[in-house]
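Residues in the sequence shown are numbered consecutively from 938, following the numbering used here.
C-beta: ideal position from N, C-alpha, C; glycine also.
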Amino acid sequence: MAYSSEHETMPEVQSVNTSQSEGEQNIVKRAMEMLQKAKRFRKRYDKDWHDNYEFVIGGRQWPVERARWRFNEAVNLAWSAIMTEIGIQTDAKPKFEFMSQEATDEPFMEVLRSINDRNWEKYGWNNIVQSAMFDSKIYHVGHAIVEWDPYLDNGLGDVSIRMLDPFYCYWDPIAE
């Protein structure tokens, strides 16, 4: 698992490729500095991710000192609460509205609505939304990307939504 703990030291910015122009080297340095800053900012959240995951998924509950022969009932209430919340929050699929600029745009807006409804069912986007919400319940953040996939629909291309692993996403420290 690629996750940085609170005690892990971040690597220093490495030297850049000297075959690049000075402008390109400055861009690479700046990008590396921004990444290191985002990693340092995210450290305060990283320390809990593994424990939260084990608690919800692994069934690990509170540590209780008991004799091995004693019955230890562990009912994972967190799992059922999370799944109940996600079920309630995703009960109805989101409604997308397309607004026309002129009266002549209305037929095109209707086509966009029908395409969106078809894609929602065809590609199972509700499952992706549920996965993002599940990640947000455990890690306090869930990431999905909406992009054009030229290989979908037999090579015609279509809009796709896919989950991103939160361990490899770093947000801007000043973002809200």
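- Taking all protein chains in view, the Cβ of Trp1006 is surrounded by fewer than 16 other Cβ atoms within 10 Å, so the residue is classified as exposed.
- Taking the CA atoms as reference points, Ser958 sits about 27 Å from Lys976.
- According to DSSP, residue pairing for Asp1095 in a beta bridge involves Asp1086.
- In the DSSP assignment, the residues bridged to His1080 are Leu1101.
- With respect to Gly1061, Ala1069 sits apart: the two C-beta atoms are not nearer than 8 Å.
- When DSSP states are grouped into helix, strand and coil, Ile964 belongs to the helix group.
- Judged by DSSP secondary structure, Ser1051 falls within the alpha helix (DSSP H) whose first and last residues are 1043-1059.
- Between Asn1063 and Trp1057, the C-beta spacing is below 8 Å.
- Distance check between Ile1111 and each of Met971, Asn963, Tyr1076, Asp1028 places Met971 closest, using alpha-carbon atoms only.
- By the criterion of a C-beta distance shorter than 8 Å, Ala1015 is surrounded in its chain by Phe992, Val993, once the five residues flanking it on both sides are discounted.
- 8 Å or more divides the Cβ of Gly1094 from the Cβ of Asp1102.
- With a 10 Å radius around the Cβ and a threshold of 16 neighbouring Cβ atoms, Ile1075 comes out buried.
- Around the C-beta of Trp986, 16 or more other C-beta atoms lie within 10 Å, and the residue is accordingly described as buried.
- Judged by their CB atoms, Tyr982 and His1077 are nearer to each other than the 8 Å cut-off.
- By the neighbour-count criterion, in which 16 or more other beta carbons inside 10 Å mark a residue as buried, Val1048 falls on the exposed side.
- In terms of CA proximity to Arg1055, Val1096 leads the group Met969, Val1096, Phe1071, Asp1028.
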